[in-house]
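What follows is a set of notes on a single structure, which appears directly below.
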Amino acid sequence: GAVVSQHPSWVICKSGTSVKIECRSLDFQATTMFWYRQFPKQSLMLMATSNEGSKATYEQGVEKDKFLINHASLTLSTLTVTSAHPEDSSFYICSASRRGGSSATQYFGPGTRLTVL
Amino acid sequence: DAKTTQPPSMDCAEGRAANLPCNHSTISGNEYVYWYRQIHSQGPQYIIHGLKNNETNEMASLIITEDRKSSTLILPHATLRDTAVYYCIVRTQGNDYKLSFGAGTTVTVRA
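Going line by line, the protein sequences match chains A and B. If you use my numbering, the first sequence closes out at 117, no skipped numbers anywhere. If you use my numbering, the second sequence closes out at 1111, no skipped numbers anywhere.
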């Protein structure tokens, strides 16, 4: 159990276009999902926290109008990179928080590699 | 959340136990220790977590010192597929509580 999927696994787009990435929890309901970004040879950086049915909370320095997050259901969150530019090229990873007893563990998707030309 | 300190890298031999240390001297009473690993170009994989008792699952064992200021992740029989970056993270419990990833330890398992 605790499987998280992402779609697409990779995408190449032209500068100025928008790209949508989906994150799904396949076998559990996740009230909270997280979006991370990872540049080459660096660690994961949290971009935003998303709660089902409410607005996402963005980390300092992350433009909320550029990275649109929608968490419409307990199993689906989407990240839309609007007007993408080459500097947005990165590995985008989502996680979903699963509650079990007194703990809540984050399970991660496989990631989406975005290349903006 | 408390910060953690891990060695940047370590090698281990295939078939041997791998012991990965982590220091978290400023950990507070309600903070858990989580371990994840990231194999190249994949999303992080949850390994194990604990509060103060030692924990074991099918992947690894987690040994937490009595004062909770440090812990050790033990991979009992390392395989080549265990080569990854291992992250030790201290986190307060709750659905909204974030994970802050440091640099982790790059573990290379050699045949």
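We put the CB at the ideal spot given by N, CA and C, even for glycine.
Could you have a look at residue i and say whether DSSP puts it in helix, strand or coil?
i        : result
R1016(B) : coil
P1076(B) : coil
E87(A)   : helix
T1068(B) : Sequence inspection shows Arg at residue 1068(B); the Thr mentioned does not correspond to that position. R1068(B) falls in the coil class under three-state DSSP.
D1011(B) : strand
Can you give me the C-alpha to C-alpha distance between residue i and residue j, rounded to a whole angstrom?
i        : j        : result
Q38(A)   : F91(A)   : 5 Å
I1039(B) : Q106(A)  : 17 Å
T1026(B) : T82(A)   : 40 Å
T80(A)   : S9(A)    : 14 Å
K14(A)   : V1109(B) : 40 Å
I1048(B) : P1021(B) : 14 Å
I12(A)   : Y1087(B) : 29 Å
A96(A)   : M33(A)   : 4 Å
S1028(B) : N1053(B) : 15 Å
E1121(B) : H85(A)   : The shown model of chain B, from 1001 to 1111, leaves out residue 1121(B), and the question about it has no answer.
L68(A)   : T78(A)   : 8 Å
A1060(B) : P110(A)  : 21 Å
Y1046(B) : N51(A)   : 21 Å
Would residue i pass as an interface residue toward chain B - the criterion being a Cβ-Cβ separation below 8 Å?
i       : result
A104(A) : yes
G1(A)   : no
S77(A)  : no
F28(A)  : no
T17(A)  : no
Y58(A)  : no
G109(A) : yes
I93(A)  : yes
F39(A)  : no
F34(A)  : yes
Under 7 Å: does the beta carbon of residue i sit that close to some heavy atom of the ligand FMN?
i      : result
F67(A) : Among the components modelled here there is no ligand, and therefore nothing to report on the ligand FMN.
Within 8 Å of any Cβ in chain A, is that where the Cβ of residue i sits?
i        : result
A1084(B) : no
H1049(B) : yes
G1029(B) : no
K1069(B) : no
T1093(B) : For the sequence presented, residue 1093(B) should be read as Gln rather than Thr. True, the Cβ-Cβ gap to chain A drops below 8 Å.
A1060(B) : no
G1104(B) : yes
P1008(B) : no
Can you give the beta carbon distance from residue i to residue j, rounded, assuming they're within the 8 Å contact cut?
i        : j        : result
N1019(B) : S1070(B) : Rounded, the Cβ-Cβ distance is 12 Å, inconsistent with contact.
Going by DSSP, what residues sit across from residue i in a beta bridge?
i        : result
P1021(B) : T1072(B)
V116(A)  : C13(A)
S97(A)   : Q106(A)
K20(A)   : T80(A)
R1091(B) : Y1032(B)
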